[in-house]
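S.K.:
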Amino acid sequence: MMASEDGNRPPPPRHVSQDAKAGPFSWVVQVGGNISVTLFGRRPERLLAAWADALADATRNYWNKEFDLRVPGHFLTVRWKAADPDLVQPWESLTALARTWPGSPVDETTWAGSPGELADATRLADVLHRTPTCRLLVLGEPGAGKTILLIRLLLDLLAQRESSPGTPVPFYVSLASWNPVEQSLHDLLEQSLIANLKGLHRKVAYQIDGVTYRRTIARALLQERRILPVLDGLDELPKEWRGIGVMRINEALGSHRSMVVASRGAALRETLRPEHDAEVELAGAAGVELLPLAVETVLEHLKHATTGPDTRARWDEMAAQIRARPSAASALALTTPLAARLADVLYNLRPREQPSAEPRSTRDVLPPPSPVELFHQRFTTPDTVRRYLLDAYVPALYRDQRAQELHRTRRWLAFLARDVQRRETVQGDGFTPLDWWSLGDAGPRLLPGLIVGALTTAVGVWGLHLPVSAGIGLIAAVAGGLVGRRLFDSRSGMAMALGGGLIGGLTGTVAAVLLFGAVQGVGPSLTGGLAACITVGSMGGFRAGALGGFTGGFAAVLTGRPEVIAIAPLVNGIGLGLGAGCAAVLAFHSEPARERRWSLRGILTGLAAGLIMGLAATLQAGLRRGLLVGIVTAVLGSIAGGLKAAPPKGPPVFTTPALSLLRDRRTFWATALAGGLAVGVSTGLGPRFPPGQPGSDVIFGLKVGIANAVAVGLAFGFLRAAYGRYTTSRLWLALRGDRLPKRLMYFLDDAHKRGVLRQNGVHYQFTHQNLQERVALYTAQGPAP
Numbered sequence: 001m002m003a004s005e006d007g008n009r010p011p012p013p014r015h016v017s018q019d020a021k022a023g024p025f026s027w028v029v030q031v032g033g034n035i036s037v038t039l040f041g042r043r044p045e046r047l048l049a050a051w052a053d054a055l056a057d058a059t060r061n062y063w064n065k066e067f068d069l070r071v072p073g074h075f076l077t078v079r080w081k082a083a084d085p086d087l088v089q090p091w092e093s094l095t096a097l098a099r100t101w102p103g104s105p106v107d108e109t110t111w112a113g114s115p116g117e118l119a120d121a122t123r124l125a126d127v128l129h130r131t132p133t134c135r136l137l138v139l140g141e142p143g144a145g146k147t148i149l150l151i152r153l154l155l156d157l158l159a160q161r162e163s164s165p166g167t168p169v170p171f172y173v174s175l176a177s178w179n180p181v182e183q184s185l186h187d188l189l190e191q192s193l194i195a196n197l198k199g200l201h202r203k204v205a206y207q208i209d210g211v212t213y214r215r216t217i218a219r220a221l222l223q224e225r226r227i228l229p230v231l232d233g234l235d236e237l238p239k240e241w242r243g244i245g246v247m248r249i250n251e252a253l254g255s256h257r258s259m260v261v262a263s264r265g266a267a268l269r270e271t272l273r274p275e276h277d278a279e280v281e282l283a284g285a286a287g288v289e290l291l292p293l294a295v296e297t298v299l300e301h302l303k304h305a306t307t308g309p310d311t312r313a314r315w316d317e318m319a320a321q322i323r324a325r326p327s328a329a330s331a332l333a334l335t336t337p338l339a340a341r342l343a344d345v346l347y348n349l350r351p352r353e354q355p356s357a358e359p360r361s362t363r364d365v366l367p368p369p370s371p372v373e374l375f376h377q378r379f380t381t382p383d384t385v386r387r388y389l390l391d392a393y394v395p396a397l398y399r400d401q402r403a404q405e406l407h408r409t410r411r412w413l414a415f416l417a418r419d420v421q422r423r424e425t426v427q428g429d430g431f432t433p434l435d436w437w438s439l440g441d442a443g444p445r446l447l448p449g450l451i452v453g454a455l456t457t458a459v460g461v462w463g464l465h466l467p468v469s470a471g472i473g474l475i476a477a478v479a480g481g482l483v484g485r486r487l488f489d490s491r492s493g494m495a496m497a498l499g500g501g502l503i504g505g506l507t508g509t510v511a512a513v514l515l516f517g518a519v520q521g522v523g524p525s526l527t528g529g530l531a532a533c534i535t536v537g538s539m540g541g542f543r544a545g546a547l548g549g550f551t552g553g554f555a556a557v558l559t560g561r562p563e564v565i566a567i568a569p570l571v572n573g574i575g576l577g578l579g580a581g582c583a584a585v586l587a588f589h590s591e592p593a594r595e596r597r598w599s600l601r602g603i604l605t606g607l608a609a610g611l612i613m614g615l616a617a618t619l620q621a622g623l624r625r626g627l628l629v630g631i632v633t634a635v636l637g638s639i640a641g642g643l644k645a646a647p648p649k650g651p652p653v654f655t656t657p658a659l660s661l662l663r664d665r666r667t668f669w670a671t672a673l674a675g676g677l678a679v680g681v682s683t684g685l686g687p688r689f690p691p692g693q694p695g696s697d698v699i700f701g702l703k704v705g706i707a708n709a710v711a712v713g714l715a716f717g718f719l720r721a722a723y724g725r726y727t728t729s730r731l732w733l734a735l736r737g738d739r740l741p742k743r744l745m746y747f748l749d750d751a752h753k754r755g756v757l758r759q760n761g762v763h764y765q766f767t768h769q770n771l772q773e774r775v776a777l778y779t780a781q782g783p784a785p
C-alpha cells in the first residue's frame, strides 16, 4: 500500500488492473481512494506483487545457502522468556492499538493472552504471529544467538509465505552502519534493498491527491508494506544515536507495519530508560529475551554433532567432569550458541581429520584437542575459557595449513580486523562491515594519487610538446579547484564539476583575452580553457569546478606564448599528472558502482565541449577541421560525460561481494575507456600548435592524444568506480607481504566458507564482534594473552 510522506496510509490494495490508456509499456496498481500506482516496464511481472514474489525467491535462495554455512550441523534450539515489562509497552496497549488500525477486521483468536504465553512457542515466527501488532523485540546478550535466530525467523516466514501469497517479504538489515541522525529508516531500507538486489532501483510513478510522485521500486515496496524489516544490532549503534534510532523506527511504523528488532538487553535498557534524558519506547512492540543454555544441552548438542563413537566418548567424559564440578569455569562458559559453535569447530573432528589419519596431500593435519583440557587450572574464569576458544577458532578452521601458512593467514585476518576497527573509530559506527571497496583507504592516503600522477606525468612529458601555458593552466585549475572544495559544497558530483569547469574555463579565457589579448591566438586559448574544465572534474561541485576552470583558463591565456621552450614538456607533464593524481586521491565511494546509465547533465557537458573544441579548431585551421573536431568531441564527449554508475537491470538477485567487484571493475574500465577516447581522439585530431614545428603532424597528434587519453581515462575511472583505489591499495598491501594476500577476494570467500566471516549481500563481517576483537590482537609474535 502506498503511503504519503507523513505516514498516513489508505486502506489495503483491493485489486490490480492494467490501464488501457497507459499503453503497452505501463501498468497500473489501483490501491483504493484517489491513489494509483503506475509502474513503467515491458512485462506485467513488473507489478509490485510480482516484484515482491521475485524478491522473496531471491531472499530465500540466498539465506538458505548462508544458513547452511553458518549452521553446518543441526540447529541448536534456543529458549526465551517474555521481556522485562519495563522495556516494552503493556500488553493491553498492544491489543488496543491493533484493534484501532484501519482496514479489515483483526483475528484476535491468533493472539497470545499475555506476554508470558509467548515463551510457549517453539519458533520465533510463531511468537511474531501471536503478537497482536506483529512487532517484536528480540533481546539477548553477546553470543546468545540473536543473528542466527533472526535468519531462521526469516526463512520460516518465507516458507509460510508460500502458502499465503501476498504477505510481506522479510528483509534482514544490520543497523551497525546506520546513521539515524541523517537518515530515516525508510531511506536505510531502500538503500540496502537497492545495494543488495538487482532491479529495485527502477522508478515507479504514483498519484496522491492528484500529485504524481516518482519513487524506486524498493521504496514502493516499503510504502506498500510488502517488506517486513528484520533489524539486527540496534545496540551496535553508537550510544548517543540509539535513542534517535528508536524514534526513527517509530516514525516508520504505521498501521499494520510489522517489524522485528534485535538488541542486547543491557544496551536497550540504557537507551529506553536513560538516567538524564527522556524515556523512549519501541511503539507497539512485544519482546522476548533469549535465555542462557543449560551446559548439559550444549554438551548434548556437541555430542550429536560428532562423526564417530570416539569423539562422542570424549564428550561423555566432558559431561562427567561437569557433573562432578558444576561450578567450573568451563561449565559456566559453555552456555551460549557462540560458545557451542567455537567448541564444535575446535573439538569435533572434521572429515579426513582423524587423529590416526595420514597427512592429507603434502600438508600436516593436526588432530583436534580434547575438550577436557578446558578443566585445566589455567582456566580460572568463564572469560578465560571464552578467550581461549576464540583464539583457537581460526587455527581450528585452518587445520589443513602448515604452521607458516597459518601464521600468514592469521596476520592477514588480523590486519583486516584492525582496519575495520579503525573505521569504526573514525566513523563512530558499531560493528562495521568488512567491505572490499573500503580497503581502498587501508593503504597510504596519497598512494593512488602518487602512482597515477607519476604515470601520467611521464606520459605528459613524452607527449605534450606544447607551449608551457598548457601546463600552467592545468596547475592553476587544480589549485583553484582545491580552494573551491574548501570554500563550497563539493558533494554534487563529477558532472556538475565538469559543467561548472566548462563555464568557468570559458569565462576565464574570454576575460583574460579581453583584458590582455591572446598572444597565442583565440583558438589555442579556448583549448586551454577546455583543458582546465576537464582537470577540475575531480573537485566535485559546480562552484568548485567553476572556480578551478576560471583560474585555469585565465592563467593559460595570461602565460600564453607562441613558442615551445625547453622546460615546457616537463611543466605540461606535471600539470597533467597533478590533475589525474588529484582525481585518484579525491575519489571517494561509499558503495561500489553497479552498472552504467546515462546522465543528462554529462551528455550536455560533452556536447558543449564539442562546440568549444570545434570553435577553437575552426579559428586555428578552418571550418573543415573545426567541424571534424567538434563532431568527434561532441559524440565521444557526450558518451564519456554521460556514463555514470547505476544499479543493474533484471529481476531481484542478491549481490555478492565478488559480483559487486566485477560490476564495479566493468564500470571503471568502461568509463576510463570512454573518457580517454573522447579526450584523446579530440585532442589528437586538433590542429598542431604552434604550427611549423619539425616532425610529422600525425606523430604529434598521436603523442598528444595518447598522453591525454591515459590521464583523462584514469581520472574518469577513479572518479566513477571504487576499483581504482581498491586495486592500488590492495597491490601495495600485498607487496608488503604481511598485510593482505594477492588474491584477496578468493581469500575472503574462503574465509566465509570456513566460518571466519559471514556475508550479508555485498558485505562481509566477522562472524561475531568478540571474534573480530580477538583476531585483531594477533601480531607477528602470536596471539594476545
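Quick note on UniProt numbering: the sequence shown kicks off at 1 and runs consecutively. Note that CB positions come from ideal geometry on N, CA and C, so glycine has one too.
1. Could you check what DSSP says for Tyr388 in three-state terms: helix, strand or coil?
2. Which runs of the alpha helix (DSSP H), 4 residues or longer, sit entirely within the region 388-458?
3. Report the three-state DSSP secondary structure of Gln89 (helix, strand or coil).
4. Consult DSSP for Phe542 and reduce its assignment to one of helix, strand or coil.
5. Do Gly505 and Gly552 have their C-beta atoms within less than 9 Å of each other?
6. For Pro382, does the three-state DSSP call read helix, strand or coil?
7. On the DSSP bridge list, what partners appear for Glu289?
8. Less than 9 Å separating the beta-carbons of Thr456 and Leu576?
9. Roughly how many angstroms lie between the CA atoms of Gly166 and Leu139, to the nearest whole one?
10. Looking at the unbroken alpha helix (DSSP H) that takes in Ala52, where does it start and where does it end?
11. Suppose you measure from the CA of Lys303 to the CA of Thr336; what does that come to, to the nearest Å?
12. Helix, strand or coil for Asn770 per DSSP?
13. Do the region 313-333 and the region 731-749 make contact, defined as three or more Cβ pairs closer than 8 Å?
14. Can you tell me whether Leu464 is helix, strand or coil according to DSSP?
15. For Thr683, which three-state DSSP category applies?
16. How big is the Cα-Cα spacing for Leu673 and Gly713?
17. So, at 7 Å on beta carbons, what are the nonlocal neighbours of Ala776 in its own chain, with the 5 sequence-adjacent residues on each side left out?
18. Just curious, the beta strand (DSSP E) that Val230 is in, first and last residue?
19. Is the beta carbon of Leu155 less than 9 Å from the beta carbon of His301?
20. By alpha-carbon positions, which one of Ala159, Glu236, Thr779 and Glu563 ends up nearest to Asp126?
21. On the three-state DSSP scale, how would you describe Lys146?
22. How would you call residue 826, buried or exposed, if buried means at least 16 neighbouring beta carbons within 10 angstroms?
23. Can you have a look at Glu66 and say buried or exposed, based on whether 16 or more other CB atoms are within 10 angstroms of its CB?
24. Grab me the residues of Ser361's own chain with a C-beta within less than 8 Å of its C-beta, minus the 5 sequence neighbours each way, in chain order.
25. Across which residues does DSSP place Thr216 in a beta bridge pair?
26. Taking the alpha-carbon of Asp84 as reference, which of Leu272, Gly308 and Ala566 has the nearest alpha-carbon?
27. Quick one: measure Cβ to Cβ for Leu282 and Ile249, integer angstroms, because I've assumed they're closer than 8 Å.
28. If distances are taken between C-alpha atoms only, which option among Thr767, Val181 and Ala583 comes closest to Val710?
29. When you compare each of Leu487, Leu677 and Ala403 to Gly548 by their alpha carbons, which one comes out closest?
30. Could you name the residues of the same chain whose beta carbon sits closer than 8 Å to that of Arg70, not counting the 5 residues immediately before and after it, in chain order?
31. Taking 7 Å as the limit between beta carbons, can you name the residues of its chain near Leu771, skipping five residues before and five after?
32. Return helix, strand or coil for Ala262, following the three-state DSSP convention.
33. Could you tell me how far apart the beta carbons of Arg226 and Leu234 are, in whole angstroms, since I believe they sit closer than 8 Å?
34. CB-CB under 7 Å to Ser114, same chain, minus the five flanking residues each way: which ones, in chain order?
35. Given a cut-off of 9 Å on the beta-carbon distance, is the pair Thr311 and Leu346 in contact?
36. From Thr656 to Leu197, what distance separates their C-alpha atoms?
M.R.: From the atom records:
1. Mapped onto the sequence shown, residue 388 falls at position 388. Assigned with DSSP and collapsed to three states, Tyr388 falls in helix.
2. 403-427
3. In the sequence shown, counting from the first residue as 1, residue 89 sits at position 89. Here Gln89 sits in coil by DSSP.
4. Here residue 542 corresponds to residue number 542 of the sequence shown, with the count starting at 1. Phe542 falls in the helix class under three-state DSSP.
5. Locating residue 505 in the sequence shown gives position 505, counting from the first residue. Locating residue 552 in the sequence shown gives position 552, counting from the first residue. The Cβ-Cβ distance between Gly505 and Gly552 falls below 9 Å.
6. For this step, residue 382 is matched to residue 382 along the sequence shown. In the structure shown, Pro382 sits in a helix (DSSP, three-state: H, G or I).
7. The sequence position of residue 289 within the sequence shown is 289, counting from 1. In the DSSP output, where bridge partners are listed per residue, Glu289 has Lys81 and Leu139.
8. Position 456 of the sequence shown holds residue 456. Position 576 of the sequence shown holds residue 576. Closer than 9 Å, so yes.
9. Here residue 166 refers to the residue found at position 166 when the sequence shown is read from its first residue. Here residue 139 refers to the residue found at position 139 when the sequence shown is read from its first residue. Looking at the backbone, the Cα of Gly166 and that of Leu139 are separated by about 29 Å.
10. The count along the sequence shown starts at 1 and reaches residue 52 at position 52. Looking at the DSSP string, the run of the alpha helix (DSSP H) that includes Ala52 is Leu48 to Arg70.
11. In the sequence shown, counting from the first residue as 1, residue 303 sits at position 303. In the sequence shown, counting from the first residue as 1, residue 336 sits at position 336. Going by the C-alpha atoms only, they are around 16 Å apart.
12. On the sequence shown, residue 770 is found 770 positions in, with the first residue counted as 1. Looking at Asn770 - three-state DSSP - the assignment turns out to be helix.
13. no
14. The residue you call residue 464 lines up with position 464 of the sequence shown. Coil at Leu464, not helix or strand.
15. On the sequence shown, position 683 is the one that residue 683 refers to. Three-state DSSP puts Thr683 in a helix.
16. Counting from 1 along the sequence shown, the entry for residue 673 is found at position 673. Counting from 1 along the sequence shown, the entry for residue 713 is found at position 713. Answer to the nearest angstrom: the Cα atoms are 6 Å apart.
17. If you number the sequence shown from 1, residue 776 lands on position 776. Sequence-distant partners of Ala776 (beyond 5 residues in either direction) whose C-beta falls short of 7 Å from its own C-beta, in its chain, are Ala414, Ala417, Arg418 and Gln421.
18. The count along the sequence shown starts at 1 and reaches residue 230 at position 230. Start and end: Ile227 to Asp232.
19. Here residue 155 corresponds to residue number 155 of the sequence shown, with the count starting at 1. Here residue 301 corresponds to residue number 301 of the sequence shown, with the count starting at 1. Not in contact: Leu155 and His301 (Cβ atoms no closer than 9 Å).
20. Numbered from its first residue, the sequence shown carries residue 126 at position 126. It is Ala159 whose Cα lies nearest to the Cα of Asp126.
21. On the sequence shown, residue 146 is found 146 positions in, with the first residue counted as 1. DSSP places Lys146 in the helix class (H, G or I) of the three-state scheme.
22. Within the shown structure, residues of the chain are numbered from 1 to 785, placing residue 826 beyond reach of any answer.
23. Stepping through the sequence shown from its first residue, residue 66 is reached at position 66. Under this definition Glu66 is a buried residue.
24. As a position in the sequence shown, residue 361 is number 361, starting the count at 1. With a pLDDT of 39 at Ser361, under the threshold of 50, the modelled position of that residue is not reliable, and no figure is offered here.
25. Residue 216 sits at position 216 when you count from the first residue of the sequence shown. Paired residues: Lys203.
26. Mapped onto the sequence shown, residue 84 falls at position 84. Selected option, being the one with the closest Cα: Leu272.
27. In the sequence shown, the residue the question calls residue 282 occupies position 282. In the sequence shown, the residue the question calls residue 249 occupies position 249. So it is a contact: roughly 6 Å between Cβ atoms.
28. Locating residue 710 in the sequence shown gives position 710, counting from the first residue. Of the candidates Thr767, Val181 and Ala583, the one whose C-alpha sits nearest the C-alpha of Val710 is Ala583.
29. Locating residue 548 in the sequence shown gives position 548, where the first residue counts as 1. Of Leu487, Leu677 and Ala403, the residue nearest in Cα terms is Leu487.
30. On the sequence shown, position 70 is the one that residue 70 refers to. A distance below 8 Å between beta-carbons, with the five flanking residues on each side excluded, links Arg70 to the following residues of its chain, in chain order: Ile148, Ile151, Gly755, Arg758 and Thr767.
31. What you label residue 771 is simply residue 771 of the sequence shown in a count that begins at 1. Around Leu771: Leu390 and Tyr393.
32. On the sequence shown, residue 262 is found 262 positions in, with the first residue counted as 1. Strand at Ala262.
33. The count along the sequence shown starts at 1 and reaches residue 226 at position 226. The count along the sequence shown starts at 1 and reaches residue 234 at position 234. Actually they are not in contact, since the Cβ atoms of Arg226 and Leu234 sit about 23 Å apart, beyond 8 Å.
34. Within the sequence shown, numbered from 1, the residue matching residue 114 stands at position 114. Result list for Ser114: Trp91, in chain order.
35. If you number the sequence shown from 1, residue 311 lands on position 311. If you number the sequence shown from 1, residue 346 lands on position 346. In this structure, Leu346 does not lie closer than 9 Å to Thr311 by Cβ.
36. Working through the sequence shown from its first residue, we reach residue 656 at position 656. Working through the sequence shown from its first residue, we reach residue 197 at position 197. Rounded to the nearest angstrom, the two C-alpha atoms are 9 Å apart.
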